[in-house]
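Report on the structure given below.
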Amino acid sequence: MAYFLEYLVPAESGGAEIPVDDANDGSTVPVSETAERVVHVDALPARSRIAAESLEDARTEAEQLLLHSKADAGELFDDPDDSLEAGSGLRVGGFREGRGWSDD
604 MAYFLEYLVP
614 AESGGAEIPV
624 DDANDGSTVP
634 VSETAERVVH
644 VDALPARSRI
654 AAESLEDART
664 EAEQLLLHSK
674 ADAGELFDDP
684 DDSLEAGSGL
694 RVGGFREGRG
704 WSDD
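Quick note, the working numbering runs 603 ahead of the 1-based positions in the sequence shown.
Right under this line is the structure:
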């Protein structure tokens with residue numbers, strides 16, 4: 604089954620600056636290749652694929668991923684379409700450090 608974990612990775616050292624390509628809405632470009640405007644962010648969104656045979660296995664892998672990512676919370680999705688699009692699939696739970704898993 605294809606599970607995906609969505610979470611926010613806190614940017615270190617006061618945040619990150621991302622150049623935005625206005626000509627291609629929603630795109631970013633390497634800093635060394637542009638004079639485009641820059642957006643400051645305090646966290647970077649991520650969606651990571653988790654290969655697991657069961658929801659329990661996916662939750663275990665998701666906790667390990669969060670532990671190593673410096674994120675403290677995430678949402679787990681069952682997504683048979685294998686999409687990297689945020690929110691794609693069926694939300695099957697949320698995890699918050701110190702609270703564990705919830706199904707709400």
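For each residue, glycine too, the CB sits at the ideal point set by N, CA and C.
Keep in mind the model is a prediction, meaning the values are calculated, not measured.
Whole-angstrom distance between residue j and residue i, CA atom to CA atom
| i | j | result |
| --- | --- | --- |
| residue 677 | residue 609 | 5 Å |
| residue 616 | residue 640 | 21 Å |
| residue 664 | residue 690 | 19 Å |
| residue 656 | residue 672 | 23 Å |
| residue 685 | residue 618 | 30 Å |
Identity of the residue in the options nearest residue i by Cα
| i | options | result |
| --- | --- | --- |
| residue 607 | 682, 699, 706, 696 | 682 |
| residue 701 | 660, 618, 670 | 670 |
| residue 703 | 692, 693, 659 | 659 |
Where residue i falls: helix, strand or coil (DSSP)
| i | result |
| --- | --- |
| residue 651 | strand |
| residue 697 | strand |
For residue j and residue i, believed in contact at Cβ under 8 Å, the rounded distance
| i | j | result |
| --- | --- | --- |
| residue 612 | residue 647 | 5 Å |
Would you list, in sequence order, the uninterrupted alpha helix (DSSP H) runs of no fewer than 4 residues that lie entirely inside the region 657-693? Fully contained in the region 657-693 are the following alpha helix (DSSP H) runs of length 4 or more, in chain order: 658-672.
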